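Participant: One structure coming up, written as structure tokens, with questions to follow.
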Amino acid sequence: MQEQQPWVLVRGAGDLATGVIVRLHRCGFRVAVTECANPSAIRRRAALCEAVWQGQVTVEGVTCRRVADTGEAARVSQAGEVPLLVDECAACVSVLRPAAVVDAILAKRNLGTNRDMAPITVGLGPGFTAGEDVDAVIETMRGHHLGCVIWQGGAIPNTGVPGAVAGYAAERVIHAPASGEMTLVQDENGQTIDIGALVRKGQVIARVGGVSVLATIDGVLRGLIRAGYPVTEGLKIADIDPRPEQVAYCDTVSDKARAIGGGVVEALLRLAREKSIQLL
Numbered sequence: 466m467q468e469q470q471p472w473v474l475v476r477g478a479g480d481l482a483t484g485v486i487v488r489l490h491r492c493g494f495r496v497a498v499t500e501c502a503n504p505s506a507i508r509r510r511a512a513l514c515e516a517v518w519q520g521q522v523t524v525e526g527v528t529c530r531r532v533a534d535t536g537e538a539a540r541v542s543q544a545g546e547v548p549l550l551v552d553e554c555a556a557c558v559s560v561l562r563p564a565a566v567v568d569a570i571l572a573k574r575n576l577g578t579n580r581d582m583a584p585i586t587v588g589l590g591p592g593f594t595a596g597e598d599v600d601a602v603i604e605t606m607r608g609h610h611l612g613c614v615i616w617q618g619g620a621i622p623n624t625g626v627p628g629a630v631a632g633y634a635a636e637r638v639i640h641a642p643a644s645g646e647m648t649l650v651q652d653e654n655g656q657t658i659d660i661g662a663l664v665r666k667g668q669v670i671a672r673v674g675g676v677s678v679l680a681t682i683d684g685v686l687r688g689l690i691r692a693g694y695p696v697t698e699g700l701k702i703a704d705i706d707p708r709p710e711q712v713a714y715c716d717t718v719s720d721k722a723r724a725i726g727g728g729v730v731e732a733l734l735r736l737a738r739e740k741s742i743q744l745l
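As numbered in the numbering used here, residues 466 to 745 make up the sequence shown, in order.
Printed below as a string of structure tokens:
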């Protein structure tokens with residue numbers, strides 16, 4: 466990878482952002498990532514933000530490594546890995562001077578990304594307006610338009626209800642019943658219940674501040690917030706997939722994340738051509 470290749474900075478490294486990062490890296494873009502100091506990813510095995518906690522993590526063969534500064538980021542990138550900076554406000558923009566910024570925080574609102582940050586800006590999901598605060602918006606709602614590039618206006622507004630999977634929507638997602646520290650529990654066989662476990666409706670799958678967290682449906686525990694995380698009541702802490710075969714895919718990029726990643730690649734390549742910017 467050539468040192469003079471410009472950066473594509475991705476804000477956020479949760480599971481959906483990871484689909485974007487993996488696809489961009491594989492396509493040959495020079496990717497750097499920023500994250501907050503205390504990421505709350507549920508699909509931890511498919512989220513590169515776990516590098517904040519572990520130092521480095523690999524998803525589908527792409528390794529993301531936490532770095533201390535932009536100088537280390539350049540060295541890590543040159544070694545073929547994706548550097549991650551704990552930099553919630555993306556202050557590194559002034560040093561990295563990226564050719565493109567992709568806001569993949571998925572906060573349902575804009576947390577500070579604007580068109581002055583880079584020649585090309587892309588926002589994921591609701592909270593952005595193409596042609597105003599970003600150049601393009603990627604649709605993140607499950608359905609016919611998932612992954613589509615929006616050139617004017619915004620994505621479908623947040624409904625607060627997850628997209629349906631095998632007939633289940635809101636039931637798939639579990640929110641904290643109380644505030645407190647997240648604690649993992651064991652099943653009747655003495656095995657710790659964690660991501661990838663098959664669970665039954667009504668089964669205790671974790672505890673928050675001593676309060677039991679119950680499975681809402683039968684299925685695969687696809688996501689579970691990390692043990693020890695300081696949970697607040699109402700925070701999304703678990704995700705159950707009703708399809709048993711999904712047990713084999715808990716550590717891979719989801720279909721939704723992959724589609725969104727494809728939309729980002731399309732947006733970057735078109736904008737680079739229109740603006741005569743060399744990204745690759």
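Cβ atoms here follow ideal geometry from the backbone N, Cα and C, with glycine treated the same way.
Note that the structure is a prediction, hence the values are computed from the model and not measured.
Assuming residue 513 and residue 730 form a contact by the criterion Cβ under 8 Å, report the distance between their Cβ atoms to the nearest whole angstrom.
Facilitator: With a Cβ gap of about 17 Å, residue 513 and residue 730 do not count as contacting.
Participant: Any idea which residues DSSP pairs residue 677 with across the strands?
Facilitator: Answer is 672, bridged to residue 677.
Participant: Using a Cβ distance threshold of 8 Å, determine whether the stretch 468 to 476 contacts the stretch 497 to 504, with at least three qualifying pairs required.
Facilitator: In short, these stretches touch, since the Cβ pair count reaches three.
Participant: Nearest to residue 559 by CA position, among 534, 708, 723, 608, is which residue?
Facilitator: Measuring from the Cα of residue 559, the nearest candidate turns out to be 534.
Participant: Mind checking residue 728: buried by the 16 CB within 10 Å criterion, or exposed?
Facilitator: Buried, by the Cβ-count rule.
Participant: Starting from residue 706, trace the beta strand (DSSP E) both ways and give me its first and last residue.
Facilitator: First-last of the beta strand (DSSP E) with residue 706: 701 to 706.
Participant: Helix, strand or coil: how does DSSP classify residue 608 here?
Facilitator: Looking at residue 608 - three-state DSSP - the assignment turns out to be coil, as it is neither helix nor strand.
Participant: For the candidate residues 664, 548, 591, 734, whose alpha-carbon lies nearest to that of residue 517?
Facilitator: Comparing Cα positions, the closest option is 548.
Participant: Applying the criterion that 16 or more other CB atoms from any shown protein chain within 10 Å of the CB defines a buried residue, is residue 466 buried or exposed?
Facilitator: Model confidence at residue 466 stands at a pLDDT of 39, short of 50, so the residue's coordinates are unreliable; what they give is reported in the following sentence. Under this definition residue 466 is an exposed residue.
Participant: Using 8 Å as the threshold, is the stretch 537 to 544 in touch with the stretch 582 to 596, meaning 3 or more CB pairs across them?
Facilitator: Output reads no: the stretch 582 to 596 does not touch the stretch 537 to 544.
Participant: Would you kindly work out how many angstroms separate the C-alpha atoms of residue 721 and residue 480, rounded to a whole number?
Facilitator: Approximately 10 Å between the Cα atoms of the pair.
Participant: Can we say the stretch 651 to 664 touches the stretch 609 to 623, given the rule of at least three CB pairs closer than 8 Å?
Facilitator: Segments in contact, no.
Participant: To which residues of the same chain is residue 632 closer than 8 Å at the C-beta, ignoring the five residues directly before and after it?
Facilitator: Once the five neighbours on either side are set aside, the close Cβ partners of residue 632 are 707.
Participant: Among the residues of its own chain, which have a CB less than 6 Å from the CB of residue 471, if the five just before and after it don't count?
Facilitator: The residues are 564.
Participant: Whole angstroms is fine: what's the gap from residue 550's alpha carbon to residue 506's?
Facilitator: Looking at the two C-alpha atoms, the distance is approximately 16 Å.
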